[in-house]
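Going by my numbering, the sequence shown opens with residue 4, and the numbers climb by one from there.
Positions of the beta carbon are idealized from the N, C-alpha and C atoms, including for glycine.
For clarity, every value in this text was computed on a predicted model and none was experimentally measured.
Right, one structure below, let's go through it.
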Amino acid sequence: MIVHPGKLKIEEYDYNLNDAQIAKYPLVERDSSKLLYLDGGIPKNKRFKQLTELIPSDSLLLFNKTKVVNARINFKKITGAIIEVFCLEPVEPVNDFQLALQQNSPVVWKCLVGNAKRWKSGLLELAIQVEGRSICLIARKKLKLSNEYLIEFSWNDNEITFSQIINAIGMIPIPPYLNRKAEESDNKRYQTIYAEDEGSVAAPTAGLHFTESIFNALKIKGIEVDSITLHVGAGTFKPVVSPEVDGHEMHVEKIVVQVKTLEHLLEKINSDIIPVGTTSMRTLESLYWMAIKLLQGDTSFSVGQWDAYKLNNYKLSNREAIEVLLSYFRENDLSEIHGETRLMIAPGYKFKFATGLITNFHQPKSTLLLLVSALVGDDWKRAYEFALEHEYRFLSYGDSCFFKV
Numbered sequence: 004m005i006v007h008p009g010k011l012k013i014e015e016y017d018y019n020l021n022d023a024q025i026a027k028y029p030l031v032e033r034d035s036s037k038l039l040y041l042d043g044g045i046p047k048n049k050r051f052k053q054l055t056e057l058i059p060s061d062s063l064l065l066f067n068k069t070k071v072v073n074a075r076i077n078f079k080k081i082t083g084a085i086i087e088v089f090c091l092e093p094v095e096p097v098n099d100f101q102l103a104l105q106q107n108s109p110v111v112w113k114c115l116v117g118n119a120k121r122w123k124s125g126l127l128e129l130a131i132q133v134e135g136r137s138i139c140l141i142a143r144k145k146l147k148l149s150n151e152y153l154i155e156f157s158w159n160d161n162e163i164t165f166s167q168i169i170n171a172i173g174m175i176p177i178p179p180y181l182n183r184k185a186e187e188s189d190n191k192r193y194q195t196i197y198a199e200d201e202g203s204v205a206a207p208t209a210g211l212h213f214t215e216s217i218f219n220a221l222k223i224k225g226i227e228v229d230s231i232t233l234h235v236g237a238g239t240f241k242p243v244v245s246p247e248v249d250g251h252e253m254h255v256e257k258i259v260v261q262v263k264t265l266e267h268l269l270e271k272i273n274s275d276i277i278p279v280g281t282t283s284m285r286t287l288e289s290l291y292w293m294a295i296k297l298l299q300g301d302t303s304f305s306v307g308q309w310d311a312y313k314l315n316n317y318k319l320s321n322r323e324a325i326e327v328l329l330s331y332f333r334e335n336d337l338s339e340i341h342g343e344t345r346l347m348i349a350p351g352y353k354f355k356f357a358t359g360l361i362t363n364f365h366q367p368k369s370t371l372l373l374l375v376s377a378l379v380g381d382d383w384k385r386a387y388e389f390a391l392e393h394e395y396r397f398l399s400y401g402d403s404c405f406f407k408v
């Protein structure tokens, strides 16, 4: 029975995190971080290089292969004012990230605008060089939304794509709590080594620790790997500010799951399935609810914030859920799921697939901390207290955790 978490008090998921404990930069070597290992409620000090020793052979690790885009563009007005346009998600002519980035001029994106009060009207122009071509990039406000704007970008060369534009002049959007500007090193270090699919404005940071050496060690032990894609939105940094959890609105994130990954999950359904990061976890668990909705005739492949709690009376095993999805895709000759999820995983949630989680340390009063608590219960408090006492480095560039259940 899944218990609805809406009335949970967010103050119960708070802890004291000092700025000095937030890692502002990554370590020199990706896999040299500490690893907090929690098994049976007992936290233990490990090194990330020991991860393979802690995972049973025949397990399956699930990674998020999204790639962070250079989503921040700075325009300079004639007055000298700097206007930062932060591209969040595509709107026109398509809303699929992969397709949107390959579009030629013009395109429309939902954006945050920094210093918006200095851009009351008119166009913003920027002269840039893209692969040896001189380009004039123009930004125009189309519509003011609640906290965002619809911005139309246009440029004077139809052989250049928007991906080429932002890769040439955009900056990688590092987390706001780092309290610094992005540097050249962030272009490499705020990406996983296996990132493929452009579309995120924040990295799936649990994967930042993985190196070729770690992957080789996993292979030698017989631990299998696979991947999904969830494009991480800026909402991942949004704290829960309402006193109770049901006052928080989860952000929508696009996901892609290939049929071969579903087949792999089915093959490993009786083994340990361990997501790498909360994004992989939410994608994995969303598959179950997509299957339930598919049985109801809903082919949107969209999971709402509270769907898991509204649909929990349906009895379907995790194996049956994967079989439902595979059957649909084979009947319709499809090779992958393109969907979206707003699934909130919080205490009271019953996990359908995951038997553990590899993740970083998360912000106080965050939905990510709620997810961790859903997995390990109040042991998260013991783990985080242990980490603070032992001077672990926190948040995106910080140390790692492996929670085994």
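Inset, instruction - For LYS257, count neighbouring Cβ atoms within 10 angstroms of its own Cβ and tell me buried if that reaches 16, exposed if not. - result: Under this definition LYS257 is a buried residue.
Legend entry - Host alpha helix (DSSP H) of TRP292 (start-end): Per DSSP, TRP292 belongs to the alpha helix (DSSP H) from 281-298.
Inset, instruction - Give a yes or no on whether 8 angstroms exceeds the smallest Cβ distance from LYS80 to chain D. - result: No chain D is present in this structure, which holds just one protein chain.
Inset, instruction - Output the residue ranges of the beta strand (DSSP E) runs that lie fully inside the segment 311-368 and measure 3 residues or longer, sorted by chain position. - result: For the segment 311-368, whole beta strand (DSSP E) runs of length 3 or above, ordered along the chain, are 339-344, 359-363.
Legend entry - Segments of 3+ residues assigned as beta strand (DSSP E) that fall wholly inside the segment 88-125: Listed in chain order, the complete beta strand (DSSP E) runs (minimum 3 residues) inside the segment 88-125 are 110-117.
Inset, instruction - Please state whether DSSP places TYR398 in a helix, a strand or coil. - result: Contrary to the premise, residue 398 reads as Leu rather than Tyr in this sequence. The answer is coil: DSSP assigns LEU398 none of H, G, I, E or B.
Legend entry - TYR28, buried or exposed, once every other Cβ within 10 Å from all chains shown has been counted against 16: TYR28 is exposed by the Cβ-count criterion.
Inset, instruction - Note down the Cα distance separating LYS147 from LYS52, rounded to an integer number of angstroms. - result: Straight through space, the alpha carbons of LYS52 and LYS147 are spaced by roughly 48 angstroms.
Legend entry - Cβ-Cβ distance between LEU233 and THR302 below 8 angstroms: For LEU233 and THR302, no; Cβs fall outside 8 angstroms.
Inset, instruction - Quick one: measure Cβ to Cβ for PRO179 and ASN67, integer angstroms, because I've assumed they're closer than 8 angstroms. - result: Between ASN67 and PRO179 the Cβ distance is about 21 angstroms, and since that is not below 8 angstroms, they are no contact.
Legend entry - Inter-stretch contact at 8 angstroms, needing at least 3 Cβ pairs: the segment 67-79 / the segment 205-221: The answer is yes - the segment 205-221 touches the segment 67-79, with three or more Cβ pairs under 8 angstroms.
Inset, instruction - Would you be able to state if there are at least three C-beta pairs under 8 angstroms between the segment 220-240 and the segment 295-310? - result: They do not touch, by the three-pair rule.
Inset, instruction - Determine the extent of the alpha helix (DSSP H) in which ILE138 is found, giving its start and end residues. - result: In the DSSP annotation of this structure, ILE138 is not part of any alpha helix (DSSP H); the continuous beta strand (DSSP E) holding it starts and ends at 136-147.
Inset, instruction - Leaving out five residues on either side along the sequence, give the residues of the same chain with a beta carbon under 6 angstroms from the beta carbon of VAL97. - result: Answer for VAL97: ALA103, listed in chain order.
Legend entry - Straight-line gap, LYS113 to ILE154 (C-alpha atoms, nearest Å): Their backbone Cα atoms lie some 6 angstroms apart in a straight line.
Inset, instruction - Mind checking which residues open and close the beta strand (DSSP E) that includes SER36? - result: For SER36, there is no enclosing beta strand (DSSP E), as DSSP marks it with neither H nor E.
Legend entry - Environment of ILE168 [buried if 16+ CB atoms lie within 10 Å]: Buried.
Inset, instruction - Would you mind sorting CYS90 into buried or exposed? The rule is 16 or more other CB atoms within 10 Å of its CB. - result: Answer is buried; the Cβ neighbour count reaches 16.
Inset, instruction - State whether the segment 313-332 contacts the segment 357-372, with contact taken as three or more CB pairs (one from each stretch) at a distance under 8 angstroms. - result: No: the two stretches stay apart, fewer than three of their Cβ pairs being nearer than 8 angstroms.
Inset, instruction - Compare the Cα-Cα distances from THR214 to each of CYS404, THR282, ARG33 and report the closest residue. - result: For the options CYS404, THR282, ARG33, the alpha carbon positioned closest to that of THR214 is the one of ARG33.
Inset, instruction - Determine, using beta carbons only, whether LEU20 and PHE389 come nearer to each other than 8 angstroms. - result: Remark: C-beta atoms of LEU20 and PHE389 do not approach each other more closely than 8 angstroms.
Inset, instruction - Give the DSSP-derived three-state secondary structure of GLN477 in the structure shown. - result: Because the chain spans 4 through 408 in this model, residue 477 falls outside it and cannot be assessed.
Inset, instruction - Kindly examine the ligand ATP and report whether one of its heavy atoms sits closer than 7 angstroms to the Cβ of GLY238. - result: This structure lacks the ligand ATP, and indeed carries no ligand of any kind.
Inset, instruction - Just tell me which of ARG121, GLY359, ALA311 has its CA closest to the CA of LYS349. - result: It is worth fixing the name first, because residue 349 is Ala in this sequence and not Lys. Taking only the C-alpha atoms, the option nearest ALA349 is ALA311.
Inset, instruction - Using the Cα positions of TYR152 and GLU227, report the straight-line distance between them to the nearest angstrom. - result: Rounded to the nearest angstrom, the gap between the Cα atoms of TYR152 and GLU227 is 43 angstroms.
Inset, instruction - Return helix, strand or coil for ASP160, following the three-state DSSP convention. - result: Here ASP160 sits in coil by DSSP.
Legend entry - Between the CA atoms of GLN132 and VAL255 - distance to the nearest angstrom: For VAL255 and GLN132, the distance between alpha carbons rounds to 34 angstroms.
Legend entry - Element boundaries [beta strand (DSSP E), containing ALA130]: That run of the beta strand (DSSP E) goes 127-133.
Inset, instruction - Determine the direct distance from the alpha carbon of LEU398 to that of VAL306, and round the result to whole angstroms. - result: Cα to Cα, VAL306 sits roughly 27 angstroms from LEU398.
Inset, instruction - State the beta-bridge partners of ILE85 as determined by DSSP. - result: BP columns for ILE85 point to LYS79.
Legend entry - Simplified DSSP assignment, three categories, for LYS27: Residue state, collapsed to three classes: coil.
Inset, instruction - Determine the DSSP secondary structure at SER305, reduced to helix, strand or coil. - result: Taken through DSSP and simplified to helix, strand or coil, SER305 comes out as strand.
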